[in-house]
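Here's the structure we're looking at; comments come further down.
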Amino acid sequence: MPEGPELHLASLYVNKMCNGVVFTGPVRKSDVSKSPDVPFTCEAYRITATSRGKEVKLTLTPIKSDDPKQRVKSGHADQPMAVVFRFGMSGYFRFTKEEELPKHAHLRFYSKEKPCRVLSYVDARRFGSWEPNGTWQPERGPCIMFEYNSFRENVMSHLTDRAFDRPICEVLLNQKYFNGIGNYLRAEILFRLNIPPFVPARTVLEGLESQDLFDNEKPVKNEITDTKTKKKRMKEETADLLRLCHSVPLEVVNLGGKGYDPEKADYSDFEAWLQCYYVDGMKSLRDHNGRTMWFKIQSHPRQKREQRKKMTMITQTRKRWRGVAQ
DNA sequence: CGTCCACGTCTAC
DNA sequence: TAGACCTGGACGG
């Protein structure tokens with residue numbers, strides 16, 4: 001399941017399925033997992049989830065009883081505990097009946113119902129991990145989806161970092177700056193802007209603004225009349241790599257379903273959404289870390305001229321329509 | 001049967 | 001900057 005959108009969808013899944021559910025007893029780990037035991041036991045607790053980039057945090061919250069006879073048993077938690085997960089290549093959550101536990105359910109939370117149900121962390125390849133009493137990994141940058149302004153600021157204020165010497169396609173996987181971007185997202189984002197994947201990142205990024213001047217979520221305060229500024233804004237609107245690092249993942253979240261998960265039946269919406277990654281006719285190369293980079297071949301100069309003609313026509317049509325509107 | 005490939009980190013030479 | 005860490009699906013012989 002696992003780039004930023006899938007981690008966030010996982011947190012939505014947990015909150016939806018576990019809403020109103022009371023969990024009980026110890027948290028149980030499979031023998032084969034190398035991740036640590038989760039030393040949490042409680043008569044009655046709830047589970048909620050949040051996500052940040054490529055991490056999900058579960059919060060286990062004991063339910064306080066009003067009954068004075070109900071004392072907290074010795075060894076039983078009375079304080080909340082956070083467990084932070086990374087999903088590796090194959091992690092996800094599932095909430096099932098006990099007899100329907102998925103294969104590779106490596107960490108399990110049991111509900112108090114009879115018969116009980118189980119929230120499982122499932123991970124066939126076991127590249128994922130969890131950390132009890134965990135915090136967001138400090139080396140990871142702000143979330144591309146839900147901490148957009150600080151994500152943007154963090155990139156633009158560190159462009160002198162040697163990390164940005166690398167090709168843009170590799171830097172997009174650097175979680176210190178792009179927490180939540182993974183292999184399919186980098187392909188889709190660069191494809192949308194027609195950015196050649198192996199140009200140095202700094203070249204692509206320098207010149208962008210630290211603040212997003214065209215943040216769709218904020219209403220425009222003063223109508224811009226200056227043509228130069230207007231042009232600049234148009235360009236930013238259509239060609240800002242950092243904004244697409246935010247909005248393209250959100251498109252996947254808004255698709256619903258489970259994002260990237262070829263095993264599932266509802267994978268088809270996601271597959272239809274992909275424009276480049278694994279798409280017929282696209283080219284792929286190994287990047288310097290051995291990961292497959294999907295991209296579109298640069299057009300020949302003649303085709304480029306045709307494209308430019310088309311774009312000019314589109315722009316002129318837009319202008320004409322705007323003229324009509326005003 | 002075998003080989004290759006997969007949404008990602010980690011740590012060790 | 002290789003590998004190591006894993007399972008399993010697709011596809012070839």
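Residue numbers (UniProt numbering): 1 to 326. Just so you know, even glycine gets a beta-carbon here, dropped at the ideal spot from N, CA and C.
Nearest candidate by alpha-carbon position, reference residue i, set the options
i, options, result
"P196", "N174, N15 and M293", "M293"
"V84", "L101, K97 and S51", "S51"
"D261", "Y184, H76 and C42", "Y184"
"P102", "K34, S120 and V56", "S120"
"A124", "D66, G290 and S30", "S30"
"P200", "K57, V118, I47 and L172", "L172"
"G128", "P2, K114, C42 and D212", "P2"
"M89", "E113, S74 and R126", "R126"
"N160", "P80, L7, P142 and E206", "The amino acid occupying residue 160 in the given sequence is Thr; Asn does not appear at that position. Per the Cα distances, E206."
"I47", "G75, P80, S74 and V38", "P80"
"L7", "K54, F164, T59 and Y278", "K54"
"L12", "K176, R28 and K57", "K57"
"V155", "D266, E99 and L208", "L208"
"E147", "P36, K97 and F178", "F178"
"E100", "F109, R117, F87 and A82", "R117"
"S35", "T59, W130 and H76", "W130"
"I144", "G256, I181 and K114", "I181"
Residues bridged to residue i [DSSP beta-bridge criterion]
i, result
"E131", "V84"
"A49", "L58"
"V122", "Y92 and A105"
"K97", "R117"
"G25", "C42"
"F198", "None, per the DSSP bridge assignment."
"R286", "T292"
"N179", "C143"
"Y110", "V118"
"P167", "P200"
Contacts around residue i, its chain only, beta-carbon distance under 6 Å, and the 5 residues preceding and following it disregarded
i, result
"V122", "Y92, R94, P102, H104 and A105"
"E217", "Bear in mind that a pLDDT of 49 at E217, under 50, signals an unreliable position, so the number given afterwards is only what the model happens to contain. Answer for E217: no residue qualifies."
"V21", "S111"
"S33", "H106"
"T153", "For clarity, residue 153 is Glu in the given sequence; the question names Thr instead. Result list for E153: S210, in chain order."
"V252", "P5 and G259"
"Q175", "R140"
"P26", "T41"
"D37", "K29"
Residues near residue i in its chain [Cβ-Cβ closer than 8 Å; skip 5 each side]
i, result
"K283", "W294, F295, K296 and I297"
"R286", "T292 and M293"
"S157", "S210"
"A44", "V22, F23, T24, P62, I63, S65 and K112"
"V279", "W294"
"L274", "Y184 and E188"
"F164", "H158, V171, P200, A201, R202 and L205"
"T96", "P102, R117, V118 and S120"
"E98", "Y110, P115, C116, R117 and V118"
Where residue i falls, given that 16 or more other Cβ within 10 Å makes a residue buried
i, result
"I189", "buried"
"F23", "buried"
"C18", "buried"
"G4", "buried"
"S268", "exposed"
"D212", "buried"
"K258", "buried"
"K49", "At residue 49 the sequence reads Ala, which differs from the Lys that was named. Its Cβ being crowded by 16 or more others within 10 Å, A49 is buried."
"P249", "buried"
"N15", "exposed"
"N289", "exposed"
"P39", "exposed"
"R86", "buried"
"S74", "exposed"
"K304", "Only weak support exists for where K304 lies, its pLDDT of 45 falling under 50; the value from the coordinates is given anyway. So K304 counts as exposed."
"R108", "buried"
Close Cβ partners of residue i (< 7 Å) along its chain, the five nearest in sequence each way excluded
i, result
"D78", "P62 and V72"
"C276", "A187, E188, F191, M282, W294, F295 and K296"
"L9", "V253, K258 and G259"
"P142", "S150, F151, N154 and N179"
"L255", "D269, F270 and W273"
"H76", "T41, C42 and E43"
**Asked** Is the stretch 163 to 170 in contact with the stretch 124 to 144, if contact means three or more CB pairs nearer than 8 Å?
**Response** Contact fails between the stretch 163 to 170 and the stretch 124 to 144, because fewer than three Cβ pairs, one in each stretch, are under 8 Å apart.
**Request:** Examine the Cβ distances between the stretch 238 to 255 and the stretch 176 to 194 and report whether three or more of them are shorter than 8 Å.
**Result:** Because the criterion of three Cβ pairs below 8 Å is met, the stretch 238 to 255 and the stretch 176 to 194 touch.
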